[in-house]
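Using the numbering used here, the first residue of the sequence shown is number 405, and each one after it goes up by one.
For each residue, glycine too, the CB sits at the ideal point set by N, CA and C.
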Amino acid sequence: MTQTTGASRVVTRQAIGGEISRLISGHPNSALAVMMVELRRANRLQALTGGISAEVVMEHAMARLDRVLRDVDRMAKLSNETVCLVLPNLGDGAQSVLAAVRVLSTLQKPFAVAGVSQEDTVSIRPHLGIALYPEGARDAEQLLIKADVAARIASSSESGYHIYRTEDRVETEIYRGLDIELSKAIKSNQLKLHYQPQIETESGACHTVEALLRWDAPGSSPVSPSVLVGLAENTGLLPALTTWTLHCALRENAELRRQGIDVSVAVNLSPRTLADSEFPDEVAQALAVWNVAPQSLLFEITEGSMIGDVERSLRLLTRLRDLGVKLAIDDFGTGYSSLAYLKRFPVHELKIDKMFVQAMRLSRGDAQIVRSVIDLAHNFDLRAVSEGVEDEATFNQLRDLGSDAVQGFLFSEARAAPEFAAWWRAHEARGRTLPS
Ligand code: C2E
Ligand code: CA
Ligand code: CA
Numbered sequence: 405m406t407q408t409t410g411a412s413r414v415v416t417r418q419a420i421g422g423e424i425s426r427l428i429s430g431h432p433n434s435a436l437a438v439m440m441v442e443l444r445r446a447n448r449l450q451a452l453t454g455g456i457s458a459e460v461v462m463e464h465a466m467a468r469l470d471r472v473l474r475d476v477d478r479m480a481k482l483s484n485e486t487v488c489l490v491l492p493n494l495g496d497g498a499q500s501v502l503a504a505v506r507v508l509s510t511l512q513k514p515f516a517v518a519g520v521s522q523e524d525t526v527s528i529r530p531h532l533g534i535a536l537y538p539e540g541a542r543d544a545e546q547l548l549i550k551a552d553v554a555a556r557i558a559s560s561s562e563s564g565y566h567i568y569r570t571e572d573r574v575e576t577e578i579y580r581g582l583d584i585e586l587s588k589a590i591k592s593n594q595l596k597l598h599y600q601p602q603i604e605t606e607s608g609a610c611h612t613v614e615a616l617l618r619w620d621a622p623g624s625s626p627v628s629p630s631v632l633v634g635l636a637e638n639t640g641l642l643p644a645l646t647t648w649t650l651h652c653a654l655r656e657n658a659e660l661r662r663q664g665i666d667v668s669v670a671v672n673l674s675p676r677t678l679a680d681s682e683f684p685d686e687v688a689q690a691l692a693v694w695n696v697a698p699q700s701l702l703f704e705i706t707e708g709s710m711i712g713d714v715e716r717s718l719r720l721l722t723r724l725r726d727l728g729v730k731l732a733i734d735d736f737g738t739g740y741s742s743l744a745y746l747k748r749f750p751v752h753e754l755k756i757d758k759m760f761v762q763a764m765r766l767s768r769g770d771a772q773i774v775r776s777v778i779d780l781a782h783n784f785d786l787r788a789v790s791e792g793v794e795d796e797a798t799f800n801q802l803r804d805l806g807s808d809a810v811q812g813f814l815f816s817e818a819r820a821a822p823e824f825a826a827w828w829r830a831h832e833a834r835g836r837t838l839p840s
């Protein structure tokens, strides 16, 4: 990996304010964005990766940013975990959202750091705050403060970014351009689902696949699914996206079955879908259209779905369960759900987040968490499924702990339906053993 960062765009922490003022006075009539990018969890990674410092991670991140920025953009490192970007001469605010998406996707790809083995590539969860000139603030100092405030809000948002705004009218303006991009993508089949197998630990069989969204926007780097879902939530496109996903998953599931590949499909739901009282009817209809049995469909919901209007979510989940559809709690252990909900929610499965699974080999604490979640699942008569399994040692450990199924790159990454079908046949042909 090259680490040469275009020296001309990098300015010091002390000089960034002056640079913003200079850019504004040079082009007072065009939009400018100040972006505060935070590399979350760099410290935790330091512990996991045996001494890769936040500073080294920052160096790599800046080299990547350098490749996605335009010549006119500026960048300043404020600390080992914060970098400030200045994007002048924007056509409109929507461009800053596209830039934010590009920045997040480029930083979300794992970093291969010298001295760290292949298995231990470093991943970070970046988030960023944006302040826009002239809507958000008109001088450098205020722009920097507001971008910082926005970054704090972004750290707890699904999409990973937040734009500082004083009124909603501005938000509508900003998202207008993006609305069109995303809705075009939904209509013109730029979106795809890829399928990742779940392996039963005892038999080695694959009875379920998880459907994961992919968006290869033409001319730019792929947008990560979590960013994409965040965008849809912010632009009112979530219902259209959910409908597209549901129908695509069921259509391709019916096709796999026609080829003799008898697998259920797990579809991820945004917490917001649980507030849509028409959703269960839509599911029933989609099952009928593609002639798929409800038992072959599973929804994965995150713990976040259980905060907010719990009673409303509960009613909706119960209606889904009554249809015969199965439910899993995703990323279990990362959120705030209380055990009391487990008793009340009609779920079938707990999915243990890859964060714990991957830390398990190195930390006894994380191994204890995994063990407890598996035991908890079994005490409630639920299946325990572990995700992010990348090596055989972790697989063996999970099998010994009683995880019912596992999912991860050790077996297969997510693949388009035809490639998944080929993987499935090969897996059956070699007696459901590990690929050699
Ligand atoms: P998730 O539901 O926790 O999905 C698992 C993620 O872990 C996927 O990332 C998958 O590719 C990745 N993964 C699987 N095995 C391994 C492994 O062995 N090692 C590592 N390092 N990663 C592994 P992906 O596809 O980028 O999806 C990210 C998130 O985006 C998903 O997390 C899910 O929350 C969201 N998402 C994806 N598709 C949809 C969708 O259709 N609807 C909604 N609402 N959310 C979606
Ligand atoms: Ca999932
Ligand atoms: Ca997860």
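Exposure of Ala830 is indicated by the presence of fewer than 16 other C-beta atoms within 10 angstroms of its C-beta. Taken through DSSP and simplified to helix, strand or coil, Ile528 comes out as coil. Sorting Asp475, Val487 and Met440 by C-alpha distance to the C-alpha of Val461 places Val487 at the top. Only residues of its own chain outside the window of five on either side were considered, and among them Ser790 and Val810 have a CB closer than 6 Å to the CB of Leu802, listed in chain order. Per the DSSP secondary-structure output, Leu489 pairs in a beta bridge with Met439 and Met479. When beta bridges are read from the DSSP output, Arg676 appears opposite no residue.
Under the DSSP definition of a beta bridge, Asp770 lacks any partner.
Note that the C-beta distance between Arg417 and Ala480 is below 8 Å. Proximity to Ala825 across Thr612, Leu536 and Asn638 peaks at Thr612, based on C-alpha coordinates. In the three-state reduction of the DSSP assignment, Ala516 falls in the coil class, being assigned neither a helical nor a strand state. Using a Cβ distance threshold of 8 Å, Ser561 and Gly608 do not count as a contacting pair. The Cβ-Cβ distance between Phe784 and Val793 does not fall below 8 Å. For secondary structure counted as the beta strand (DSSP E) over 3 or more consecutive residues, the stretch 702-736 holds these complete runs in sequence order: 730-736. Looking at Leu650, Gln600, Phe515 and Gly540, the one whose alpha-carbon comes closest to that of Leu469 is Phe515. The criterion of a C-beta distance shorter than 8 Å is not satisfied by Ala435 and Leu502.
Going by beta carbons, Phe736 and Ile705 fall outside the 8 Å limit.
Any heavy atom of ligand 2 counts here; residues with a Cβ closer than 5 Å to one of them, in chain order, are Asn672, Glu704 and Asp734. Glu585 is classed as buried because its beta carbon has at least 16 other beta carbons within 10 Å across all chains shown. Ser681 is classed as exposed because its beta carbon has fewer than 16 other beta carbons within 10 Å across all chains shown. One thing to note: Gly533 has its Cβ within 8 Å of the Cβ of Ala558. In the structure shown, Glu832 adopts helical secondary structure according to DSSP, grouped into three states.
Secondary structure at Ile557: helix, using DSSP grouped into helix, strand and coil. Shown here, Leu641 sits in coil according to DSSP, grouped into three states, outside any helix or strand.
Taken from the Cβ of Glu794, every heavy atom of ligand 3 lies 7 Å or farther away. Residue range Ala458 to Val472 is occupied by the alpha helix (DSSP H) that includes Ala458.
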